[in-house]
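Input: a single structure, listed below in structure tokens.
Numbering (the numbering used here), first residue to last: 2 to 211.
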């Protein structure tokens, strides 16, 4: 038995296939994805991937869910880590939004393959309209909107109620888009091949996102 077969024998194969699948799609697009090649890459039988994915399309959907869920969980933990300050709720929500922004960029610094996968092939879907039902992570039926964006929208909704109660829906949309654009744009800059900075991006996030 090969080292790879031993490595993936105890339930790791599905995730291993997904991680290799992300690299394959990033390198050559969906058309380059092959369950047979993934099996060879992971050192398992040609039939092994089909125990986890019915088809290539099924695997692509599973990859989208895997990346999005990992990203969402990372952001939720970052927000939850902000200690509750019952004496100053307004500062508390601001800290949570900042924590979310920091975690957003940090996640992709740690997982650059995920950034390329999600944003280079139109895999995310969301509505920027403030009153769209899918724009709330508290709506259990909201399956179409990009979950990480929903977290930002929910935090901003609390922020608006506390700090800017008179905003119109359009003004709220502009505020949310500005925040998202700042973290999305910063992450894009981090991964630009010909853009160099002598400082460490991860260490400077606190200074860049204020």
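Think of the CB as a built atom: it goes at the ideal place given N, C-alpha and C, for glycine as much as any other residue.
Assigned secondary structure, residue 25 (DSSP; H/G/I helix, E/B strand, else coil): helix
Residue 189, DSSP secondary structure in three states: The answer is helix: DSSP assigns residue 189 an H, G or I state.
Length of the line joining the Cα atoms of residue 97 and residue 176: 16 Å
Where residue 113 falls, given that 16 or more other Cβ within 10 Å makes a residue buried: exposed
Alpha carbon of residue 71 to alpha carbon of residue 53, nearest angstrom: 18 Å
Exposure of residue 190, with buried meaning 16 or more beta-carbon neighbours within 10 Å: exposed
Backbone CA spacing between residue 211 and residue 33 [nearest angstrom]: 41 Å
Contacts around residue 24, its chain only, beta-carbon distance under 7 Å, and the 5 residues preceding and following it disregarded: 114
Complete runs of the beta strand (DSSP E) confined to the segment 60–113 [at least 3 residues]: none
Local conformation of residue 51 per DSSP, three classes: Note: residue 51 maps to helix in three-state DSSP.
Euclidean distance between Cα positions of residue 109 and residue 14: 23 Å
Residue 38, DSSP secondary structure in three states: helix
Length of the line joining the Cα atoms of residue 102 and residue 73: 13 Å
First through last residue of the alpha helix (DSSP H) which encompasses residue 152: 148–164
Close beta carbons around residue 36, own chain, < 6 Å, minus the five adjacent residues each side: 50
Nearest neighbour of residue 125, chosen from 178, 172, 66 and 170 [CA to CA]: 66
Residues near residue 170 in its chain [Cβ-Cβ closer than 8 Å; skip 5 each side]: Cβ neighbours of residue 170 beyond the five flanking positions: 130, 131 and 132.
Secondary structure of residue 184, DSSP reduced to three states: helix
Candidates 122, 121 and 180, of which the one nearest residue 149 by Cα: 180
Beta-carbon proximity list for residue 178, same chain, < 7 Å, skipping 5 on both sides: 129
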